[in-house]
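The block underneath contains the structure these notes are about, expressed in structure tokens.
Residue numbers (my numbering): 15 to 899.
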């Protein structure tokens with residue numbers, strides 16, 4: 015090495031020091047200052063870990079004022095470089111290397127090699143693998159559908175595929191109960207977010223469903239919503255509080271009861287509005303309630319709207335029209351005309367872009383229900399101590415303090431016997447009150463010796479998750495989970511086949527929600543419904559009404575609430591006098607049920623369901639998801655990723671890893687890896703069975719951001735390797751180059767679907783031959799040997815001229831075919847968008863206003879995509895020097 019005061023060098027061992035300046039050369043020692051780090055180092059000349067900095071023609075450097083300058087010519091005068099450059103305006107600028115910015119950071123592969131900054135071969139292989147996997151994800155037609163913790167059901171995938179690909183979907187999700195409207199909404203949100211269609215989302219739900227939505231969005235879709243209530247609004251003292259978060263979950267009551275808060279929400283520039291239980295919004299031609307008016311204002315200001323509602327025939331045609339009016343007010347503005355259209359055309363099948371509606375009969379896959387009633391006698395002392403009529407008689411234990419009822423209520427001893435009789439089976443027990451569930455669980459655990467867990471609103475979300483996970487554990491888990499009413503909402507316990515209804519809810523919808531924890535699509539076995547009740551009490555009346563009158567225990571009953579409203583008087587009378595036979599109630603219930611079910615059957619024909627073409631398309635999408643999922647390839651990639659960054663992982667099984675940070679990580683914080691670690695499920699089946707594990711899909715934030723972290727850094731873009739080839743003389747140089755097409759496009763434009771972004775590879779010999787087909791990347795990595803870092807620092811300066819001689823040929827080869835690739839990609843993108851636009855123009859179901867908005871959004875995406883494709887360039891992503899031995 016020849017050192018001269020004023021030269022710029024970098025440290026090969028401390029690259030974060032920035033650009034160094036030689037300040038003294040005395041005897042056999044050299045002193046170098048690093049102004050950016052305010053550090054100074056003195057080295058022995060013969061082994062100084064320094065690399066000379068020399069910019070090449072065409073590269074960009076920065077002067078001490080941080081101006082970017084393009085190098086046009088380089089002169090070497092007495093060991094110092096002078097650069098003739100051009101600034102951004104094209105004006106000539108001359109500067110010596112002393113005038114270079116000390117904050118220079120070398121990120122290009124050739125720069126790093128020449129400065130002696132290179133990585134392990136494992137890092138180079140990781141970078142290449144990351145480029146391959148990321149390109150596959152960007153090109154996938156099922157992007158946004160891969161990473162959800164959901165079963166792949168055709169009717170749900172059909173909705174997500176058809177709805178979420180639209181720039182601003184405005185639709186009704188109106189499936190029958192039990193078919194997963196919340197999951198359908200989550201699929202749409204997840205895909206819209208990952209494809210860049212939606213950045214800001216407002217979700218409004220009834221107060222009682224806040225926790226369910228919060229947990230479902232986080233657990234199943236990795237969507238982290240901020241919960242907004244009055245306390246949160248008060249905490250946001252400045253500006254519009256709704257602008258402080260990207261994803262907001264709030265009770266509708268927060269906006270419907272306060273005009274000022276509603277005004278702030280309307281003005282917060284959302285992309286998508288979601289409203290659950292939308293059939294509870296009341297509208298008539300004469301007026302609307304506060305909730306409806308609030309949603310109407312929001313829907314008028316937000317381009318995308320999802321309304322989750324009961325099936326139209328359950329709520330009536332007028333209520334259905336009120337929902338459509340929120341989706342497309344220009345098209346649905348006259349209720350009498352709407353009624354006439356339904357009668358004239360025998361339904362509204364053309365609404366398929368506005369309405370998605372499936373029935374349990376259409377979808378199928380539900381288990382048989384076996385009702386196992388258990389009439390029980392209560393002793394006189396218990397009957398004297400508690401009420402057994404009216405609604406109080408449904409929950410007699412609540413009339414006594416503490417746990418004194420445990421020894422008197424016959425349901426307790428019956429439950430103990432039943433659990434012991436089915437000790438090899440999982441049993442879910444549902445109660446109406448948290449105190450009942452807590453007291454009952456303590457009894458079973460401490461006095462009866464039965465492994466049980468409690469699940470109620472008095473516990474934190476984490477405590478509930480732990481209880482559910484212990485119940486789900488097949489080997490050492492709890493036999494029974496004792497839940498309050500909250501356990502009947504949103505949770506999936508379909509691995510269990512026995513449900514104990516310790517009491518019965520007064521609302522038929524709540525009963526169906528309870529049974530729905532087990533009675534779900536894909537339940538492989540019949541489910542047993544155990545119903546203990548005290549004879550001669552309101553419990554017996556309600557059981558007989560549900561079982562004999564509604565048939566709501568043995569089968570799904572879509573008319574339950576409507577029948578209850580029709581016989582409300584008779585039901586209240588029967589509950590008040592449980593000592594009398596409820597014959598009149600049962601007769602009236604049967605008549606109302608028959609009438610309403612006939613009306614239901616007549617009206618079901620007026621609404622479109624999943625067509626054969628839609629089902630085939632959904633099944634094709636499911637096949638694509640399963641093909642792209644690649645659990646084995648993903649596990650191999652994650653192992654490589656964790657190894658290279660110093661993350662500890664241990665396999666509990668092939669599909670279950672525990673991942674933890676370590677003290678020797680390459681970075682301070684790995685994305686989405688908490689300090690206490692994370693348990694990962696590596697395939698969908700395990701993720702569905704173990705909701706306490708994170709589903710490490712290709713689209714999980716830890717995986718996505720881990721991949722981005724690799725590619726956003728220079729990690730692995732420069733490396734060296736030795737290769738022993740008998741037919742090739744030792745010391746022969748080859749250069750392995752990884753390159754890819756690159757362009758900047760809005761996240762909402764899927765350029766990767768049309769422009770091939772997969773990495774290309776060249777393996778050039780010194781005379782310019784390409785041996786990449788003869789020796790692929792994996793084989794080269796397998797047979798190659800490592801070079802000691804000290805040896806590499808000595809070898810690289812000697813190879814610089816040979817490497818630089820290969821670079822022009824390399825660049826020429828990477829550019830070959832780019833114009834044709836750009837032309838083909840542009841043609842495919844334009845054809846895709848033009849077909850979507852033409853389909854919209856031919857659609858009669860929506861108004862011109864709504865149609866024009868969608869068309870304009872698609873035209874904008876098309877034009878943005880064309881511009882992005884036309885400015886595509888080829889970027890060099892990695893260089894590996896291969897030296898034969």
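Yeah, the Cβ is synthetic: ideal placement off N, Cα and C, and Gly gets one too.
query	result
Assigned secondary structure, residue 235 (DSSP; H/G/I helix, E/B strand, else coil)	helix
Distance CB(residue 705)-CB(residue 494) smaller than 9 Å	no
Buried versus exposed call for residue 788 [16 or more other C-beta atoms within 10 Å across all chains shown]	exposed
Per DSSP, the bridge partner or partners of residue 409	Partner(s): none; residue 409 has no beta bridge.
Rounded separation between residue 590 and residue 545 - CA only	21 Å
Those runs of the alpha helix (DSSP H) which lie wholly inside the region 383–468 and span at least 4 residues	394–399, 424–435, 448–456
Supposed close pair residue 764, residue 209 - CB separation, criterion 8 Å	7 Å
Cα-Cα separation, residue 197 to residue 164	8 Å
Counted within 10 angstroms of its Cβ, other Cβ atoms place residue 481 as buried (16 or more) or exposed	buried
Inside the region 52–140 only - alpha helix (DSSP H) runs reaching at least 4 residues	123–128
Residue 255, enclosing alpha helix (DSSP H) - first and last residue	Residue 255 -> no alpha helix (DSSP H), and no H or E assigned at all.
Residue range of the alpha helix (DSSP H) that includes residue 723	715–726
Simplified DSSP state of residue 179, which is helix, strand or coil	coil
Inter-residue spacing [alpha-carbon to alpha-carbon] between residue 530 and residue 638	29 Å
Best match in 737, 537, 752 for proximity to residue 745 [C-alpha to C-alpha]	737
Secondary structure of residue 23, DSSP reduced to three states	strand
Nearest-angstrom Cα separation, counted from residue 662 out to residue 651	14 Å
Helix, strand or coil at residue 350 [DSSP, three-state]	helix
Inter-residue Cα distance where the pair is residue 645 and residue 653	12 Å
Simplified DSSP assignment, three categories, for residue 380	coil
Extent of the continuous beta strand (DSSP E) to which residue 512 belongs	512–515
Span separating the alpha-carbon of residue 635 from that of residue 153	14 Å
Distance, residue 191 Cα to residue 375 Cα	12 Å
Own chain, CB closer than 6 Å to residue 588, minus 5 neighbours either side, in chain order	555, 596, 599
Cross-strand partners of residue 898 (DSSP beta bridge)	737
According to DSSP, residues forming a beta bridge with residue 662	674
Three-state class that DSSP yields for residue 199 in the structure shown	helix
Residue 362, buried or exposed, once every other Cβ within 10 Å from all chains shown has been counted against 16	In this prediction, residue 362 scores a pLDDT of 49, lower than 50, which makes its location untrustworthy; the coordinate-derived value is nonetheless stated afterwards. Classification for residue 362: buried.
7 Å Cβ shell around residue 391 - same chain, five flanking residues per side excluded	424, 549
Strand pairing of residue 750, partner residues [DSSP]	777, 894
Rounded C-alpha distance that separates residue 106 from residue 893	32 Å
Selected residue, minimal CA-CA separation from residue 448, among 232, 566, 470	470
Nonlocal neighbours in the same chain, by C-beta distance under 7 Å from residue 87, ignoring five residues either side	71, 98
According to DSSP, residues forming a beta bridge with residue 45	38, 56
Validate contact between the region 791–803 and the region 130–148 using beta carbons, cut 8 Å, 3 pairs	yes
Opening and closing residue of the beta strand (DSSP E) in which residue 558 lies	Residue 558 -> not in any beta strand (DSSP E); alpha helix (DSSP H) instead, spanning 552–558.
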